[in-house]
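Engineer: Here the numbering used here is used: the first residue of the sequence shown is 1492, the next is one more, and so on.
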Amino acid sequence: MSDRNTLIEIFLQNNGWGGAERNILAADASFRTYDRLHKDGKSAVLMNAPPPKEKVEPFIKIDKHLRSLGLSAPEILAEDIENGLLLLEDFGDDTYTKLLKNGASEAELYKMAVDVMVYFNLKDKSETIPANHPSYTDEMFTNDALLLVDWYMPSIFGKTIDEGKRQEYIDLWRKILPLARNVEDSLIIRDYHVDNLMKLKGKEGLQTCGILDFQDAVSGPISYDMMSLMEDARRDINPAFVEAMRDYYLSEMKKNGKEVDPQAFKTSWAILGACRHAKVIGIFTRLCVRDNKPKYLCHIQRVWSLLERSLEHEALKDIKNWIDVNIPKDKRITPTCP
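Here it is as structure tokens:
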């Protein structure tokens, strides 16, 4: 038995789950893994986040914060912070992804997720953003966008980008990112999409929507999580439905006393969408090239389509021109693993 498995067995034994049946539940793009435990007719989820590659403190902090605001994040049943182990409430198997594949109502599920965003964003940021919590800085956004040129481009062209062109790309992002901040800030979950949302049994109202994978949450523009939800790297969504859900969000905010400027919101959405999609293309490439995880490559073409759609916004014309020159359309291909 490895040292890690020994630590896990001790943790489970100390918290009443010794001898439990363990089955792999999920692994994500990080180094975290999740096991479902069964014992005496009960179930729980083990999060295994091995340090120093992973930390559980951010998850604990945001989990408790979301729950304090009345939202459904899994209850933490036990924790071993030093060794990166958490025992979590089992939310079941009804992820939005699974439900949608099985024919559940797209409109119903997305409306529920948008209603959570409305509820959250109606609150003052002093309530939604924990004290001294880190923000999504322009430097972080720029570094996100750089993943496209630092990982995807070398994979396609076989060489690193010229430093002058790279700096030009950075300068273009620095120029337009302030336009993304012409909306209010709130806590943004960052990976708010169907893989991380669940429909919970035995709950009512907004608590029917279970939220997962929020440990990277930061403060930032309220447009970000709505964009993340509706411009999904893993799922095709009709652009007309995206527009309808955006309009629904804006109308619900206004109806409940907090009007959001539609043009500022759409501009912020487009800029942050382009930044996120550039990041995701780079990350999916890096997962293949560096980490030998090629399963995400099947989404690259979808994300390119999302990026191209974002770049049609007038605010992004200079970045569109840069990408058109440096990554022509015939080079926007799916990378191969070495």
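Don't be surprised by glycine CBs; every beta carbon is placed ideally from N, CA and C.
Please read these numbers as outputs of a predicted model, since none were measured by experiment.
Do valine 1771 and valine 1751 have their C-beta atoms closer together than 9 Å?
Structural biologist: Contact: no.
Engineer: Do histidine 1768 and alanine 1724 come within 9 Å of each other at the CB atom, strictly closer than that value?
Structural biologist: Yes. Within cutoff.
Engineer: Entirely within the stretch 1723 to 1783 and at least 4 residues each: give me those alpha helix (DSSP H) ranges in chain order.
Structural biologist: Listed in chain order, the complete alpha helix (DSSP H) runs (minimum 4 residues) inside the stretch 1723 to 1783 are 1730 to 1746 and 1753 to 1780.
Engineer: Between the Cα of cysteine 1828 and the Cα atoms of Val1780, Glu1734 and Ala1604, which residue gives the shortest distance?
Structural biologist: Answer by Cα proximity: Val1780.
Engineer: Give me the Cα-Cα distance between proline 1627 and glutamate 1570, rounded to the nearest whole angstrom.
Structural biologist: Checking the sequence shown, residue 1627 turns out to be tyrosine, not proline. Using only the alpha carbons, I get a separation of about 28 Å.
Engineer: Return the first residue and the last residue of the beta strand (DSSP E) that threonine 1827 is part of.
Structural biologist: It is not in any beta strand (DSSP E) - threonine 1827 carries neither H nor E in the DSSP assignment.
Engineer: Compare the beta carbon distance of arginine 1801 and glutamate 1722 with 9 Å and say whether it is the shorter of the two.
Structural biologist: The displayed chain sequence assigns serine, not arginine, to residue 1801. Contact: yes.
Engineer: Could you tell me if the beta carbon of leucine 1557 falls within a distance shorter than 8 Å of some heavy atom in the ligand SAM?
Structural biologist: With respect to the ligand SAM, the structure offers nothing, as it holds no ligand at all.
Engineer: Out of Lys1749, His1684 and Lys1690, which one is the CA nearest neighbour of serine 1719?
Structural biologist: Selected option, being the one with the closest Cα: His1684.
Engineer: Please confirm whether isoleucine 1567 and lysine 1555 have their CB atoms less than 9 Å apart.
Structural biologist: Yes, the pair counts as a contact, with Cβ atoms nearer than the cut-off.
Engineer: What first and last residue would you give for the beta strand (DSSP E) that runs through histidine 1529?
Structural biologist: It spans 1524 to 1530 - the beta strand (DSSP E) in which histidine 1529 sits, taken as one unbroken run.
Engineer: Relative to the C-alpha of alanine 1806, which residue among Arg1495, Leu1668 and Tyr1525 is closest?
Structural biologist: Residue Leu1668 is the option with its Cα nearest to alanine 1806.
Engineer: For methionine 1689 and lysine 1656, what's the separation of their Cα atoms in angstroms?
Structural biologist: Cα to Cα, the separation comes out at about 43 Å.
Engineer: Would you list the residues sitting across from lysine 1690 in a DSSP beta bridge?
Structural biologist: According to DSSP, lysine 1690 bridges with Cys1700.
Engineer: Just to confirm before moving on: does the CB-CB distance between serine 1677 and asparagine 1612 stay below 9 Å?
Structural biologist: In this structure, asparagine 1612 lies closer than 9 Å to serine 1677 by Cβ.
Engineer: So, with DSSP's three-state summary, where would you put aspartate 1585?
Structural biologist: It is coil, neither helix nor strand.
Engineer: What is the rounded straight-line gap between the Cα of histidine 1697 and the Cα of valine 1536?
Structural biologist: Here residue 1697 turns out to be leucine, not histidine, going by the sequence shown. In a straight line, the C-alpha of leucine 1697 is about 22 Å away from that of valine 1536.
Engineer: Suppose contacts are defined by Cβ-Cβ distances below 9 Å. Is glycine 1773 in contact with valine 1640 by that definition?
Structural biologist: It is a contact, given that the beta carbons lie within the stated cut-off.
Engineer: Going by alpha carbons, who is nearest to valine 1609 out of Arg1737, Met1744, Ile1791 and Met1736?
Structural biologist: Comparing Cα positions, the closest option is Met1744.
Engineer: Leaving aside the five residues before and after leucine 1691 along the sequence, list all residues of the same chain whose C-beta is less than 8 Å from its C-beta, in chain order.
Structural biologist: Ser1563, Phe1582, Gly1583, Asp1585, Gln1698, Thr1699, Cys1700 and Gly1701.
Engineer: Could you name the residues of the same chain whose beta carbon sits closer than 7 Å to that of alanine 1604, not counting the 5 residues immediately before and after it, in chain order?
Structural biologist: So the qualifying residues of the chain are Leu1688, Cys1700 and Leu1720.
Engineer: Give, in chain order, every unbroken run of the beta strand (DSSP E) that is at least 3 residues long and sits entirely within the stretch 1533 to 1582.
Structural biologist: Complete beta strand (DSSP E) runs here, min 3: 1533 to 1539, 1567 to 1571 and 1576 to 1579.
Engineer: Could you check how far apart the C-beta atoms of arginine 1665 and threonine 1619 are, in whole angstroms? I think they sit under 8 Å.
Structural biologist: Arginine 1665 to threonine 1619, Cβ: 27 Å. No contact.
Engineer: Can you confirm whether isoleucine 1762, when its beta carbon is compared against all beta carbons of chain B, has any partner nearer than 9 Å?
Structural biologist: Within the model displayed, chain B is absent; a lone protein chain is all it includes.
Engineer: In terms of DSSP beta bridges, what is glycine 1711 paired with?
Structural biologist: In DSSP, glycine 1711 forms a bridge with Ser1677.
Engineer: Since methionine 1538 contacts leucine 1579 with CB under 8 Å, what's their CB separation in whole angstroms?
Structural biologist: The pair is a contact, with the Cβ atoms about 6 Å apart (cut-off 8 Å).
Engineer: Please list, in chain order, all residues of the same chain as glutamate 1659 whose beta carbon is under 7 Å from its beta carbon, the five residues on each side excluded.
Structural biologist: Cβ within range, chain order: Trp1813.
Engineer: Ignore the nearest five residues each way along the sequence and tell me which others in alanine 1731's own chain have a CB closer than 8 Å to its CB.
Structural biologist: Around alanine 1731: no qualifying Cβ.
Engineer: Under the DSSP definition of a beta bridge, which residues are partnered with arginine 1495?
Structural biologist: Arginine 1495 is not bridged to any residue.
Engineer: Can you tell me the Cα-Cα spacing of tryptophan 1760 and glycine 1711, whole angstroms?
Structural biologist: Whole-angstrom Cα-Cα distance: 12 Å.
Engineer: Please check the pair phenylalanine 1522 and glutamate 1548, which I expect to be a contact at CB under 8 Å, by giving their CB distance rounded to whole angstroms.
Structural biologist: Not a contact, Cβ separation roughly 15 Å.
Engineer: Beta-carbon within less than 6 Å of tyrosine 1643's beta-carbon, same chain only, minus the 5 sequence neighbours each way: which residues are those?
Structural biologist: The residues are Ile1772, Gly1773 and Thr1776.
Engineer: Looking at the unbroken alpha helix (DSSP H) that takes in glutamine 1792, where does it start and where does it end?
Structural biologist: Run containing glutamine 1792: 1791 to 1801, per the alpha helix (DSSP H) assignment.
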